[in-house]
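Report on one structure; see the data block that follows.
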Amino acid sequence: MANSLNCYNGKTTRFKIMNSSKILGFWPTVHLAQLPQIAKEIWSHLPQPGLICLRAEMGSGKTTLVKNLLAQVQIEHFEGSPTFSIVQPYVSPIKGPIYHLDCYRIENTAEIPNLGLEELLDENAYFFIEWAENITEILPNQHFWLYIRSNADQSREITLCHDH
Numbered sequence: 001m002a003n004s005l006n007c008y009n010g011k012t013t014r015f016k017i018m019n020s021s022k023i024l025g026f027w028p029t030v031h032l033a034q035l036p037q038i039a040k041e042i043w044s045h046l047p048q049p050g051l052i053c054l055r056a057e058m059g060s061g062k063t064t065l066v067k068n069l070l071a072q073v074q075i076e077h078f079e080g081s082p083t084f085s086i087v088q089p090y091v092s093p094i095k096g097p098i099y100h101l102d103c104y105r106i107e108n109t110a111e112i113p114n115l116g117l118e119e120l121l122d123e124n125a126y127f128f129i130e131w132a133e134n135i136t137e138i139l140p141n142q143h144f145w146l147y148i149r150s151n152a153d154q155s156r157e158i159t160l161c162h163d164h
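The opening position of the sequence shown corresponds to residue 1 in this note's numbering, with each subsequent residue numbered one higher.
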């Protein structure tokens with residue numbers, strides 16, 4: 001199944017999951033009211049700290065999904081997408097340190113060393129990274145991808161994969 005399922009690449013086309021990717025969860029029709037339950041299910045696949053990269057078109061719900069993921073681990077005050085600050089730290093009483101990154105504004109790899117992201121990603125924490133495709137060269141070999149695709153009925157298709 002892993003080689004035949006298409007995931008959304010966040011731009012305008014689809015691509016096949018790489019052979020090294022394992023599909024952990026697939027939710028074909030998710031409505032906004034279902035996000036808390038889906039977030040709970042996603043957490044069940046994330047037993048230890050690591051990187052979770054979100055990939056979708058602009059406006060598809062990456063930040064809304066992160067908000068729901070954080071709420072599931074008792075982070076009640078969500079700061080929104082860190083579009084300008086790039087990094088927003090949180091501390092969950094359940095999961096410990098969690099960072100929400102928005103890498104949309106990173107335009108080229110020359111910017112990355114000045115941001116301190118490589119050092120940050122070395123921390124033993126959970127990272128939810130929007131627009132991770134802008135920093136792929138510093139991502140560790142093992143990380144998760146959350147693909148979000150908008151459906152015609154305003155619902156979302158969400159796929160959780162693990163690259164290893």
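Ideal Cβ positions, reconstructed from N, Cα and C, are used throughout, including at glycine.
Here the structure is a predicted model, which is why all the values come from computation and not from measurement.
Between residue i and residue j, which are expected to be in contact by the criterion C-beta below 8 Å, what is the C-beta distance as a whole number of angstroms?
i, j, result
"E137", "T159", "Their Cβ separation, rounded to whole angstroms, is 23 Å, which puts E137 and T159 out of contact at 8 Å."
"Q88", "W43", "Actually they are not in contact, since the Cβ atoms of Q88 and W43 sit about 19 Å apart, beyond 8 Å."
"I135", "I106", "6 Å"
"S21", "D163", "5 Å"
"L46", "I38", "With a Cβ gap of about 13 Å, L46 and I38 do not count as contacting."
Helix, strand or coil for residue i? Go by DSSP, reduced to three states.
i, result
"V66", "helix"
"N19", "Low confidence applies to N19: its pLDDT is 46, below 50, so where it sits in the model is not reliable, and the reading given next is rough at best. Here N19 sits in coil by DSSP."
"Q142", "coil"
"E79", "coil"
"Q48", "coil"
Give the single residue among the options whose Cα lies nearest to the Cα of residue i.
i, options, result
"F128", "E79, L54, S92", "L54"
CA-CA distance, residue i and residue j?
i, j, result
"W27", "I148", "10 Å"
"K62", "A56", "7 Å"
"C7", "F144", "Because the pLDDT at C7 is just 45, under 50, the model does not fix this residue reliably, and the point stays unresolved."
"R156", "L70", "19 Å"
"P36", "T64", "10 Å"
Looking at residue j and residue i, is the spacing between their C-beta atoms short of 8 Å?
i, j, result
"K91", "P82", "According to the sequence displayed, residue 91 carries Val and not Lys. No, they are not a contact pair."
"G50", "Y126", "yes"
"I112", "L101", "no"
"T29", "N151", "yes"
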